Amino acid sequence: MILFENVTKTYPRTTRPALEDVSLEIPRGEFAFVVGTSGSGKSTMMQLVMKEQDVTSGRVLVAGRDFDRLPERKVPALRREIGCVFQDFRLLPNKTVFQNVAYALQVLGSSRARIRQTVPETLELVGLAGMEKRLPHQLSGGEQQRVAIARAFVNRPPILLADEPTGNLDPDTSLGIVQLLDRINRTGTTVVMATHDTVTVNAMRKRVIRLDRGVLVSDMEAGDYTTGSLPRIRLDETGAPRRADEPEVPDGYDDGDPTAYDGRSDHDDHDDRDDRDDRDDTDDTDGPDALPPIGRDADEPRGRGGLFRRSKATQTSSH
Ligand SMILES: Nc1ncnc2c1ncn2[C@@H]1O[C@H](COP(=O)(O)OP(=O)(O)O)[C@@H](O)[C@H]1O
Ligand SMILES: [Mg+2]
Numbered sequence: 001m002i003l004f005e006n007v008t009k010t011y012p013r014t015t016r017p018a019l020e021d022v023s024l025e026i027p028r029g030e031f032a033f034v035v036g037t038s039g040s041g042k043s044t045m046m047q048l049v050m051k052e053q054d055v056t057s058g059r060v061l062v063a064g065r066d067f068d069r070l071p072e073r074k075v076p077a078l079r080r081e082i083g084c085v086f087q088d089f090r091l092l093p094n095k096t097v098f099q100n101v102a103y104a105l106q107v108l109g110s111s112r113a114r115i116r117q118t119v120p121e122t123l124e125l126v127g128l129a130g131m132e133k134r135l136p137h138q139l140s141g142g143e144q145q146r147v148a149i150a151r152a153f154v155n156r157p158p159i160l161l162a163d164e165p166t167g168n169l170d171p172d173t174s175l176g177i178v179q180l181l182d183r184i185n186r187t188g189t190t191v192v193m194a195t196h197d198t199v200t201v202n203a204m205r206k207r208v209i210r211l212d213r214g215v216l217v218s219d220m221e222a223g224d225y226t227t228g229s230l231p232r233i234r235l236d237e238t239g240a241p242r243r244a245d246e247p248e249v250p251d252g253y254d255d256g257d258p259t260a261y262d263g264r265s266d267h268d269d270h271d272d273r274d275d276r277d278d279r280d281d282t283d284d285t286d287g288p289d290a291l292p293p294i295g296r297d298a299d300e301p302r303g304r305g306g307l308f309r310r311s312k313a314t315q316t317s318s319h
């Protein structure tokens with residue numbers, strides 16, 4: 001879960017805040033777009049979630065951690081729970097596809113056996129099976145971004161942040177990347193994607209959080225970047241409206257989510273790896289192979305008598 005309470009961020013030697021009094025909640029397992037023109041504060045929001053920047057005022061909570069009370073020595077553990085994808089891919093140019101993805105596990109101290117198993121699985125998930133030995137320059141832009149997504153997701157983080165991941169890609173390729181992020185979201189990972197790619201946002205019918213000069217100006221379920229006119233219906237992970245008596249899944253590490261990261265590193269407990277891999281294989285609702293076809297939501301009818309969203313976010317007319 002990601003929670004912002006009245007967050008303002010003003011960078012040193014600037015007068016106008018990059019984010020101003022932003023309050024929002026992104027529940028665990030959600031897919032949310034953050035949209036807005038260049039300079040509206042999207043990257044700042046991502047950096048605050050990563051604790052790469054600190055708020056000027058207000059409060060941030062991520063994955064059960066109150067950043068006000070998070071000592072610096074615990075920041076690396078937080079970052080291990082957040083995968084990041086950027087516009088410029090940031091691959092190691094002299095390393096193969098396999099090595100680029102494996103590197104993310106090596107720095108966490110994963111065993112070679114785990115790397116040998118998990119890297120190919122993840123490359124298959126992102127649609128790059130058979131490309132393990134290529135170097136980044138031997139890949140298209142879309143393929144390079146898939147490597148970057150595999151690297152960000154290879155340790156199965158509960159949160160994936162993507163900051164303009166389609167910014168360097170053509171529209172068709174962009175859609176494929178966002179559909180891949182959707183597929184990852186369906187494994188239980190919370191996905192937050194910053195973008196100003198209207199076509200992609202409109203195709204996906206996901207939550208859209210819109211920033212304008214640092215101010216949160218709208219927040220819509222199944223939103224449309226352009227008009228924002230769609231109803232704010234709370235949908236569950238199957239696409240069905242959530243029932244009134246159905247509680248939100250509580251945030252935490254003990255709710256039985258088979259994909260949840262338990263906060264332990266590979267160093268601490270090697271059995272953990274086996275547990276998680278077994279659960280991936282046997283669980284028939286959350287495992288990658290059991291996922292519905294990507295892009296399914298795009299065709300689904302909306303407005304089936306759902307409930308209005310329990311959202312603190314505002315929906316004001318934009319200026
Ligand atoms: N490190 C920084 N130092 C000073 N100002 C910054 C810094 N990063 C971003 N800004 C400013 O904060 C505002 C929001 O920037 P940013 O979060 O990068 O927006 P976006 O990602 O939507 O383009 C802009 O006015 C930008 O110039
Ligand atoms: Mg940015």
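In terms of full-length UniProt numbering, the sequence shown opens at residue 1 and continues consecutively. We put the CB at the ideal spot given by N, CA and C, even for glycine. A quick note: this is a predicted structure, and the numbers were derived from the prediction, not measured.
The straight-line gap separating the alpha-carbon atoms of E30 and P12 is approximately 33 Å. Looking at P27, V55, M50 and V35, the one whose alpha-carbon comes closest to that of V7 is V55. Where E52 is concerned, there is no enclosing alpha helix (DSSP H), because DSSP gives it neither an H nor an E. Each of Y11, T14, A18, G36, S38, G39, S40, G41, K42, S43 and T44 has a C-beta closer than 6 Å to some heavy atom of ligand 1; these make up the full list, in chain order. The beta carbon of E164 sits closer than 7 Å to at least one heavy atom of ligand 2. The segment 123–132 makes no contact with the segment 156–164, as fewer than three CB pairs between them are under 8 Å. Under a 10 Å Cβ-count criterion, D68 is classified as exposed, with fewer than 16 other Cβ atoms of the shown protein chains found around its own Cβ. R210: not part of any alpha helix (DSSP H); member of the beta strand (DSSP E) spanning R207 to D212, first to last residue.
When secondary structure is reduced to three states using DSSP, N6 falls in the strand class.
Closest in C-alpha terms to R205, from the list Q179, G214 and L216, comes Q179.
Your pair A77 and I209 does not check out as a contact, with CB atoms roughly 26 Å apart and the cut at 8 Å. Listed in chain order, the alpha helix (DSSP H) runs fully inside the segment 106–131 are 112–125, counting runs of at least 4 residues. Residue pairing from DSSP places G83 in a beta bridge opposite L160.
At a cut-off of 7 Å, the beta-carbon of A32 does not count as near ligand 2: no heavy atom of the ligand is closer than that.
Listed as beta-bridge partners of I26 by DSSP are I2. By the neighbour-count criterion, in which 16 or more other beta carbons inside 10 Å mark a residue as buried, N185 falls on the buried side.
In this structure, A194 has its beta carbon less than 7 Å from a heavy atom of ligand 2. With a threshold of 16 other beta carbon atoms within 10 Å, K133 falls short and is exposed.
Ranked by how close their Cα comes to the Cα of G39, the residues I26, E20 and V49 have E20 in first place. In the pairwise beta carbon analysis, the segment 101–110 is classified as not touching the segment 139–146: fewer than three pairs are separated by under 8 Å.
For F98, the secondary structure class from DSSP, reduced to helix, strand or coil, is helix. V35 and I26 have their C-alpha atoms some 15 Å from each other.
Distance from the CA atom of T96 to the CA atom of I115, rounded to whole angstroms, is 14 Å. Comparing alpha-carbon positions, the option among R65, V191 and A18 lying closest to T44 turns out to be A18. Taking all protein chains in view, the Cβ of A113 is surrounded by fewer than 16 other Cβ atoms within 10 Å, so the residue is classified as exposed. Counting every other CB atom within 10 Å of its CB across the protein chains shown gives R73 a total below 16, marking it as exposed. In the DSSP assignment, S218 falls within the unbroken beta strand (DSSP E) covering V215 to M220. When secondary structure is reduced to three states using DSSP, D170 falls in the coil class, being assigned neither helix nor strand. For V192, the enclosing beta strand (DSSP E) starts and ends at T190 to T195.
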